[in-house]
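The listed protein sequences derive, respectively, from chains A and B. Residue 18 is where the first sequence starts when you use the working numbering, and the numbers rise one by one after that. Residue 1418 is where the second sequence starts when you use the working numbering, and the numbers rise one by one after that. Backbone N, C-alpha and C define an ideal beta-carbon position, used for all residues, glycine too. Data first, discussion second: the structure below is written as structure tokens.
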Amino acid sequence: MFRNCWRSLMYQLGLVAIVFIIFSLVFHESVRINHLYHMVCAVIPAHLFSFFTMWLKLFSKRIWIRRAIIMAFDIFTLYAVGYAVGTLRFEFDSLTVYGIVSLGVIIAMVFAFYVADKIEEQNLKLINQKLGEKNTSNME
Amino acid sequence: MKVTIIEDPNINETEISIVCSKMTSEIHDIVSKISAVGLTLTGEKEGETFLIPIKEIFYFESVDGNIFFYTENETYEATAKLYKIEEELKNLQFARISKTVIANLDKMLSIKKTENSRLVATLINKEKLVVSRQYVPQIKKKLGV
């Protein structure tokens, strides 16, 4: 589990680096090194939080709830770190807009996860039913 | 189901024909079982070569570029590559369940989701194998779901 977590963190940091390179090539006027610092600082706590939810087996029967919590924490960390590092500066109005947009994104993603989980459950049920039939006929 | 056997001493090669109104998963299962009869695979173990009946194989696994296959109690090394084996077994009840494993669906008990959201298949000898989500559609297709 630790090895998987470490590998997944490395992938995410690699992804952040790629995104940063692409953004700095496209928007070279406005992208600063602070943005990279912001993204890296946000990924690490979000990843650790995700790891602890898995380690504590939080909502292991309802994975989509765990994902929702992780996503809410991800977005919170992204904004909190952005604010601390200075890449994001909110006024009250923009904070409200960010909040509403984030909430919308979270709700949409949670719904997508919920649907995906239900479809997967259904698929597994069908597969296990078929495997059950197969085993019964093999025994006969 | 009606089964007809015609004995003819003049026939050199045995032929099996299935007459049906529609190809169902049940017929697919019969075809794969018939195809597996007499099929063997060469495996090496401790410098000796063995011919192992396909239906006794639980799964194939690629480990550091070497291909191993497992029966109930033994492990053998195969000489062919995993993709070649997959190609040869395409009409049988074998399905790729992850990048490195091809499993015998006849030896599989169930697929369940674990606490860390991974899919794990349990074989009839209680061995557990990780199933990648990207291969679930293939497994479904093989099982006729």
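With 9 Å as the threshold, decide whether the Cβ of residue i is near any Cβ in chain A.
i	result
B/Lys1419	no
B/Asp1523	yes
B/Asp1446	yes
B/Glu1532	yes
B/Val1436	no
B/Leu1456	no
B/Arg1513	no
B/Ser1452	no
B/Ser1442	yes
B/Leu1536	yes
Would the beta-carbon of residue i fall within 9 Å of that of residue j?
i	j	result
A/Lys147	B/Leu1560	yes
B/Ile1433	B/Ile1444	no
B/Phe1477	B/Ile1422	no
B/Lys1524	B/Phe1475	yes
A/Thr70	A/Ile50	no
A/Ile144	B/Val1562	yes
A/Gly149	B/Ser1442	no
B/Val1548	B/Ile1541	no
A/Ile92	A/Ser67	no
B/Ile1484	B/Lys1498	yes
B/Lys1529	B/Thr1539	yes
B/Leu1546	B/Ile1514	yes
B/Ser1479	B/Thr1431	no
B/Glu1461	B/Tyr1500	no
Under 8 Å Cβ-Cβ, which residues of chain A neighbour residue i?
i	result
B/Ile1528	Leu141, Ile144, Asn145, Leu148
B/Ile1556	Ile144
Would you say residue i reaches chain B, if we count a Cβ-Cβ gap shorter than 9 Å as a contact?
i	result
A/Met88	no
A/Ile123	no
A/Ile80	yes
A/Met71	yes
A/Ser25	no
A/Lys135	no
A/Glu46	no
A/Ser119	no
A/Tyr154	The sequence given here places Ser at residue 154 of chain A; Tyr does not occur at that position. With 9 Å as the cut-off, A/Ser154 counts as an interface residue toward chain B.
For residue i, which residues in chain B fall below 9 Å Cβ to Cβ?
i	result
A/Lys151	Asp1446, Gln1510, Leu1522, Asp1523, Met1525, Leu1560
Item to complete: Please list the segments of the beta strand (DSSP E) lying wholly inside the region 1459-1534 of chain B, counting only runs of 3 or more residues, in order along the chain.
Response: Runs of the beta strand (DSSP E) inside the region 1459-1534 of chain B: 1465-1470, 1476-1480, 1483-1487, 1492-1495, 1511-1515, 1518-1521, 1525-1530.
Worksheet item: What residues from the region 1542-1553 of chain B come within 7 Å of chain A, judged by C-beta to C-beta, listed N to C?
Response: Among the residues of the region 1542-1553 of chain B, those with a Cβ less than 7 Å away from any Cβ of chain A are Val1553, in the order of the chain.
Worksheet item: Whole alpha helix (DSSP H) runs in the region 26-112 of chain A with 4 or more residues, listed along the chain?
Response: The qualifying runs are 50-72, 80-102.
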